[in-house]
Structures are given as C-alpha cells and as structure tokens.
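Structure first, then comments.
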Amino acid sequence: MVTMELPLVVGVDGSGPSLAAVDWAVDEAARHGLPLRLVHASLWERYEGAVPSGSTERPSEQVLAEYVVGSAAERARLRGPEVKVSGDILPEDAATALLEAGDDAAAVVIGSRGRGELKGLLLGSVGLAVAGRARCPVIVVRGDTAGLSGAHGRILLGAGGPGTGGEAARFAVREARVRGCVLDVVRAWRSPARGPA
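Position in the sequence shown counted from 1, then plus 393, gives you our numbering.
Structure representation (structure tokens):
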C-alpha cells in the first residue's frame, strides 16, 4: 500500500511576506520530505468573465495570477531542488482557498501580512481567518529572515479550548524537538460576563 505525504500548503500573493513564507516552507518541506503546494486565490473569472476555449487572449488578472504562482514555484525550486512543487490558482477569496486547501495538508504556511493588509496589523484578516478556522496546523512566517536560518529560539503554540488543537500541539512539539528550541504555549480566554451591578 502506497501512502501519500500531505503537502505543506503555502499562500502566495507576490508580496514580500508571502515570499518569506515560501522560503520557510521550502526548507521545512526539505527537512521533512514533504511536497509543497503553492496556492494563489484569484476571483478574476468572476469579474472578467470566463475566456472562450478557442481564444488566445487572457484577462490581465489571470496573467497576474499565473505570474505570481509561476515565480513563487521557480523561487521554491531554486531554493530546494529536491522538493516536489506544485501550484494552483483557486477561484475563491484567499481565506476560503487556504482553508479548503488546508483540509488536505500537513500544514498551511502564510506570510504575516499580504498585499491587502494594513501595515500596523500583526496578522491580517486572511491570516486571522485561516489561523482561527483551519483544521490543520497554521504557520505564520514573519517578514524578516531571522527564522529562515533554522536557528529558531522559540516556537509559539496558541492553545484553544479543551479537546481542540491536538494536531497543532503534536506539530509544535515535533518542531521544537527537531529545532532544539523552547516551546511556549499561550492560551487566552474571556472572563464570563457578570450580571448587572
């Protein structure tokens, strides 16, 4: 019986943080012998319309989406020639595309901010949606290069309520062991509202 390794899914949009996520994911895929799946979400068909099959013209957004995935794939292949790389353009919004791709993934890797995010936010709306709703571990790669060398000082695990996050916890423990670093676990909650004073 042949078993297939689930890929690392990386959200790509051409931004610096998404390219940092590609670099991190290539190193991680090589370390664990996993394939890499690059995912770009594009709603171009909804806005520009489907192109007739005999037409040689391609809408500008389709060309951009193909360029984003193609250049990210080339970057990944140059960084890790041994890693199997595939790319997809999904006709969804970014959060939905990554959540669906994450259903069949070892983990989802995203940059800390994408093209549409405000500079002041730590994690954009796509990152928050994916991290909060994914069924697999989610890795948010910061835009700096400190973590790319493999000399991580810490791994942070956000723990949910009882009965949640088992896969994420196993992933975080395994990574902390492989990297020889500290594992910090953070859990936040709200105090229950009290009745009227």
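Backbone N, C-alpha and C define an ideal beta-carbon position, used for all residues, glycine too.
Classify residue i as helix, strand or coil using the three-state DSSP reduction.
{"i": "G573", "result": "coil"}
{"i": "L515", "result": "Unreliable placement is indicated for L515, whose pLDDT of 49 sits below 50; the coordinate value is still reported in the next sentence. Coil, per DSSP."}
{"i": "S411", "result": "helix"}
{"i": "A565", "result": "helix"}
{"i": "L431", "result": "strand"}
{"i": "G553", "result": "coil"}
{"i": "V523", "result": "helix"}
{"i": "G404", "result": "strand"}
{"i": "R424", "result": "helix"}
{"i": "W582", "result": "coil"}
Which whole-angstrom value describes the C-beta separation of residue i and residue j, a residue pair presumed to lie in contact below a C-beta threshold of 8 Å?
{"i": "A466", "j": "G404", "result": "Rounded, the Cβ-Cβ distance is 14 Å, inconsistent with contact."}
{"i": "D481", "j": "V432", "result": "5 Å"}
{"i": "G473", "j": "V534", "result": "G473 to V534, Cβ: 15 Å. No contact."}
{"i": "P530", "j": "A500", "result": "4 Å"}
By alpha-carbon positions, which one of the options ends up nearest to residue i?
{"i": "V478", "options": "A413, E454 and L401", "result": "L401"}
{"i": "I548", "options": "S518, A569 and E454", "result": "A569"}
{"i": "L576", "options": "S584, A565 and R583", "result": "A565"}
{"i": "L427", "options": "S435, E398 and A434", "result": "E398"}
{"i": "A413", "options": "L483, G551 and R506", "result": "R506"}
{"i": "G407", "options": "V415, S435, S453 and V461", "result": "V461"}
{"i": "A458", "options": "S584, W417 and E485", "result": "E485"}
{"i": "V521", "options": "G546, A498 and T489", "result": "According to the sequence shown, residue 521 is Leu rather than Val. Here the closest residue by C-alpha is T489."}
{"i": "A422", "options": "V476, A498 and R468", "result": "V476"}
What does DSSP give as the partner residues of residue i in its beta bridges?
{"i": "G504", "result": "V534"}
{"i": "R547", "result": "V575"}
Could you check if residue i belongs to the surroundings of the ligand NAP, using beta carbon to heavy atom distance under 7 Å?
{"i": "G504", "result": "Questions concerning the ligand NAP fall outside what the structure shown contains, since it holds no ligand whatsoever."}
Practice problem: Let me know the alpha helix (DSSP H) ranges lying completely inside the segment 463-497, each 4 residues or longer, listed in chain order. | Solution: 487-495
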